[in-house]
Structure formats: C-alpha cells, structure tokens
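One structure is given here, and the rest of the page talks about it.
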C-alpha cells in the first residue's frame, strides 16, 4: 500500500497513509486517487460544504469494506477545522465538523470519507436552512430520463411560485437533486412544508410520472419527490461527492442546458477533474442568490385550506410530530380497520419494522 505521502491543499499539508490501498477494485482507484480527486475539484466541493455541519460517510477499507456515517466530529480532528453544535430530532446533540478550507476535505479523505453530507444550514445559524433541496428519486420501473422530465416541470413550478431558481445536479445514482438557495428565515418544519407543496404541485401536473406518497406500496412506477430530505438531520450528498458504488460515480452539478444530454455515468472520479478544469464550478454563483419561500408556503396553506391536504408522514426513526398523520402503512391500516377491535388496537402510529421497510431508502440520500 506504500509509504505515507504528504499532499498540499490550500496552503496546508495533509499526511495520507496507505496511498496505494485499493478503494474501488472495479476501476482500480486507490486512496491516493480519491485524495487527488478532491484536490482537483477542491474549490467546487468547498463551495458546497463551506461552514455547513457535515456528516462523513466513511469507507476506511474502500467501497467493498465496512462503512459508517460519522456525525460527531472525530476526536483526532485538527483544531483548525471548526465545528457547529447541532441538535437531532431525538433531542440529542453533537458537534459536527464544518469545512472552511480545502484541506479539511483532504483530511476527511485520509480517514476514508467517500461522501460528504452537509446540512442545509450554516454554522452561525443551525436552525434556519438556507437551501430548499428537492430530491427526485426514481422508483423501480423508472430511470434518469424520467427524473429529467420531472426536473424540467419542477423548474417551471419553482419559477411560477416566487421566481425561484433551482440548481440541478446528478445524485450519483439514477436521480436528480435540485437545490434552491433561500433566505435563512424559516424553520426546518416550514422548509419541509414548502417541499411538500412543491411535490404536490408537481404531482398534480404529472400525476402518472410523479408522486409524494411516502409508502412504497403507493408510489408505483413514478418519480418520488422525497420531501423528508428536508427534515432536520436529513442530508443529501454534496455536489462533487464521490458515491460508494463500484464505478466511483460523483454527484455532478449541471447547467439546465445539460440536463437532457448528460447521464450520471458520464461523471466519475476519473472524468470529473477534466470537466472541472475546463468549466470550473458550474454552480459557482449559487450563493449569490437568496429566494423567498412565501409563495410556496402560501401554496401549502391553500392546499390545506381548500383541499384538506395537510402534513405527510415523517421517517420512521423520528418522534411523532405535531400535525403529522398516522404513521401506518396503508395496507396494514386497512387490515386493522377490518379486524376486531383488539387487532385494531394493536396498530400503532409509531414506526415499525414494516414501516421502516416501506419508507424511504435513504439514510442521507437514496437516489
């Protein structure tokens, strides 16, 4: 695996141990290849992570080895990497790393971090998201092309409700993410409500292609707008993050005029550096924009007032939330309703193993 090497990033030197360790056997990519990739796209991924509490998705022995999500800042983290104190839905809290320079990304790569999952907040205000993140998640029977069609209609919805501009990127899988920079003056609950309103409007316009149904048994062969990716402690892989799949794909920022012709497999650890060298960060101006959610929240209010469309279920690991409907799989609810009272009494609003199986696949990003 070779002797340790020293790499430079942003004026700092980071020691990389076992540089020859194979991280992606299918492609032959090593730990050093991963580190050099993050140096090559450094300004881009730093733009996506800067000042954001970030969860690390670590594969210390490569993509075929054991992995884990590290939310708490590692004890051996250098003191030049700042942290933010964040609170989880359970009520527990932790200090998470907040990259502010490229060397922090390289340091995380030294410890086997493939994917970075930043919160949609900055460390100076961890309770007010500054991004509305729309996750277009293809369900079985659909693919990237279906997500593209949904993304174009989503773009129209965003423009119609508040003149919002979305920034699309591949998920690194079959899906698409569209990020909207927003003013940091709403809570997680309000931002999630706006995401639900977006999803419902998109589903109204494309009922055979798009759904916001939380339970898999109700989704069909449609694109699922995963509104729960906007809930507190739910995160989406950052732009430029390498994804833990055999061919080492990356989450690639796109221009809207590229969405139709691009394909997720075009962007990987080997190809992205050349694209970045030629085009730079195509989302470089994202932080120059800040949009209001007022129009989307008004749409949510009308949905509830005029159509009785209120909140939707949270993920199974969350505590019961105010205003949330029963968190019971529809087929189980029907069985309980048809059963004697004793059976009906056994149904519960809380998450069960079955609920977990039918809920969203994503711990941080399932696309």
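Numbering (the working numbering), first residue to last: 354 to 720.
Heads up, the beta-carbon is just placed ideally off N, CA and C, and yes, glycines get one too.
Within its own chain, the residues whose Cβ lies closer than 6 Å to the Cβ of residue 674, once the five positions on either side in sequence are excluded, are 667, listed in chain order.
DSSP places residue 437 inside the beta strand (DSSP E), whose first and last residues are 436-440. Excluding the 5 residues flanking it on each side, residue 387 has same chain C-beta neighbours closer than 6 Å at 376 and 462, in chain order. Just so you know, the alpha carbons of residue 402 and residue 692 end up roughly 51 Å apart. Separation of residue 493 and residue 499 (C-alpha to C-alpha, rounded to the nearest whole angstrom) is 11 Å. Contact check between the stretch 562-578 and the stretch 358-369: fewer than three CB pairs, one atom from each, fall below 8 Å, which does not count as touching. Apart from the 5 residues on each side of it in sequence, residue 649 sits with its Cβ closer than 7 Å to the Cβ of 514, 515, 547, 550 and 551 in its chain, given in chain order. Considering only 378, 382 and 397, the residue with the shortest C-alpha distance to residue 593 is 397. With 16 or more other CB atoms across the displayed protein chains lying within 10 angstroms of its CB, residue 522 is buried.
Of all C-beta pairs linking the stretch 482-489 to the stretch 529-541, three or more are shorter than 8 Å, placing the two stretches in contact.
The secondary-structure analysis by DSSP pairs residue 447 across a beta bridge with 439. Residue 405 is a Cβ neighbour of residue 474, given a cutoff of 9 Å. The C-alpha of residue 427 is placed about 34 Å away from the C-alpha of residue 632.
Straight-line spacing of the CA atoms in residue 581 and residue 640 works out to 23 Å. Per DSSP, reduced to three states, the secondary structure at residue 569 is helical. Looking at 687, 664, 540 and 469, the one whose alpha-carbon comes closest to that of residue 553 is 664. Of the residues 361, 429, 615 and 446, the one whose Cα lies closest to the Cα of residue 454 is 361.
Here DSSP, grouped into helix, strand and coil, assigns residue 583 to helix. Linking residue 525 to residue 612 through their CA atoms gives a straight-line distance of about 14 Å. With a contact defined as Cβ atoms closer than 8 Å, residue 634 and residue 606 qualify at about 7 Å.
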